[in-house]
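Numbering (my numbering), first residue to last: 3 to 366. For each residue, glycine too, the CB sits at the ideal point set by N, CA and C. Predicted model, so just to flag it, every value in this text is computed and none were measured. Here's the structure, in structure tokens; my notes come after.
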Ligand code: NAD
């Protein structure tokens, strides 16, 4: 049997604002996880976003895309800031990120919503409802209404008319569904496919293809929900879900709804996957209002690195120990300003990184 890989080339793109600060902490934690679990990370750092505009004249260079495509994984902080806000859309920092997602064909966007018990009271829902939530929305990212043709606004005899086209080809559904099933295999082995098959032909095909893919994963429990029901179930009983797989438009809405169950934007990681390299980044932006002050919460970025360990490095134990270390630090009452409560010890971005890395070393 071939030995599993234990050395990984990771492209690190800190970006702008707090992206730089939180990335430093994620790298610190990654190194500690590597030490505890026998994994080696060969890190290459490059520029993206505003930093790349200033130094290289474009938000992402061809060389950076080339480095990304060759790496085992990409860790990205955040891009953007007021300095570049007046540039035309095509030249803005955010364009670098979108260009990279498209060039790398990152068709599956993963947003986990995991409630750390010590933060259960930070959610707007009752603690007994959110307690124990550990779900993952897998959203198709490069098709559906957002990309379907024809689209536009036209003038008719009755006035103006706007139109978009919901369109899915079977292979587009197949590849994202397969990704969701593969991920569910290393989780609790349950997939909920969300569609509107009672009304939409696109959804009818979606459901058919998902059921075909399911035949290759007999260990997985598959169920189907209509999107309106799913949005209600997420609030009513979120702990019923493990992996939710859905199309671009439904996923856009449901992933934000699921994310809010956990309380704070500073806690939310994400991953975007294709057939090759994957990109891991926190959901938040560059937070110019707190950049450079050591106030950023690095946990979303640290948890993005944990996703990288689980998915790209296939090291679920290492990922789990990062999450355990985060939970322990929170249990001990340490908080960055955004999640601070009465009685908690407020720490800086780098102190939070030190604490998590330290607990990892202890936990092994
Ligand atoms: P933002 O996520 O940067 O900030 C929103 C609010 O949340 C701010 O008050 C900020 O201080 C707070 N916040 C965000 N992350 C935090 C963290 N880790 N710890 C503590 N507090 C945190 O969104 P915005 O203000 O709308 O955008 C700022 C810039 O970031 C813009 O240029 C925007 O285009 C860009 N942006 C980039 C990405 C990305 O790189 N993926 C995503 C969203 C926004």
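Rounded distance between the beta-carbons of residue j and residue i, thought under 8 Å
i, j, result
"residue 43", "residue 137", "Wrong, their Cβ atoms sit about 28 Å apart, outside the cutoff."
"residue 272", "residue 111", "7 Å"
"residue 201", "residue 247", "That belief does not hold up - the Cβ atoms of residue 201 and residue 247 are roughly 19 Å apart, past 8 Å."
Endpoints, the alpha helix (DSSP H) within which residue i is located
i, result
"residue 35", "20-39"
"residue 192", "Per DSSP, residue 192 belongs to no alpha helix (DSSP H); it is in the beta strand (DSSP E), 192-197."
"residue 204", "203-216"
"residue 183", "172-187"
"residue 101", "95-105"
"residue 231", "229-238"
"residue 306", "301-313"
CA-to-CA distance, residue j to residue i, given in whole angstroms
i, j, result
"residue 9", "residue 157", "58 Å"
"residue 70", "residue 328", "28 Å"
"residue 303", "residue 162", "44 Å"
"residue 333", "residue 120", "6 Å"
"residue 3", "residue 291", "Residue placement at residue 3 is flagged as unreliable, the pLDDT there being 48, under the threshold of 50; the coordinate-derived value follows with that caveat. Approximately 52 Å, taken between the alpha carbons."
"residue 116", "residue 321", "13 Å"
"residue 45", "residue 53", "19 Å"
"residue 166", "residue 146", "9 Å"
"residue 181", "residue 114", "14 Å"
"residue 264", "residue 15", "26 Å"
Of the listed residues the options, nearest to residue i (C-alpha basis)
i, options, result
"residue 57", "25, 68, 18, 87", "18"
"residue 351", "297, 129, 312", "297"
"residue 62", "232, 309, 96, 299", "96"
"residue 340", "319, 270, 361, 364", "270"
"residue 344", "123, 277, 208", "123"
"residue 268", "337, 149, 178", "337"
Beta strand (DSSP E) segment containing residue i, residue limits
i, result
"residue 76", "75-80"
"residue 167", "Taken as a continuous stretch (DSSP letters only), residue 167 belongs to no beta strand (DSSP E), as it is neither H nor E."
"residue 318", "Note, residue 318: premise wrong, no beta strand (DSSP E); alpha helix (DSSP H) at 318-333."
Collapsed DSSP secondary structure at residue i in the structure displayed
i, result
"residue 349", "coil"
"residue 120", "helix"
"residue 338", "coil"
"residue 259", "helix"
"residue 90", "coil"
"residue 142", "strand"
Any non-hydrogen atom of the ligand FMN closer than 7 Å to residue i Cβ
i, result
"residue 136", "This structure does not include the ligand FMN; its bound ligands are the ligand NAD."
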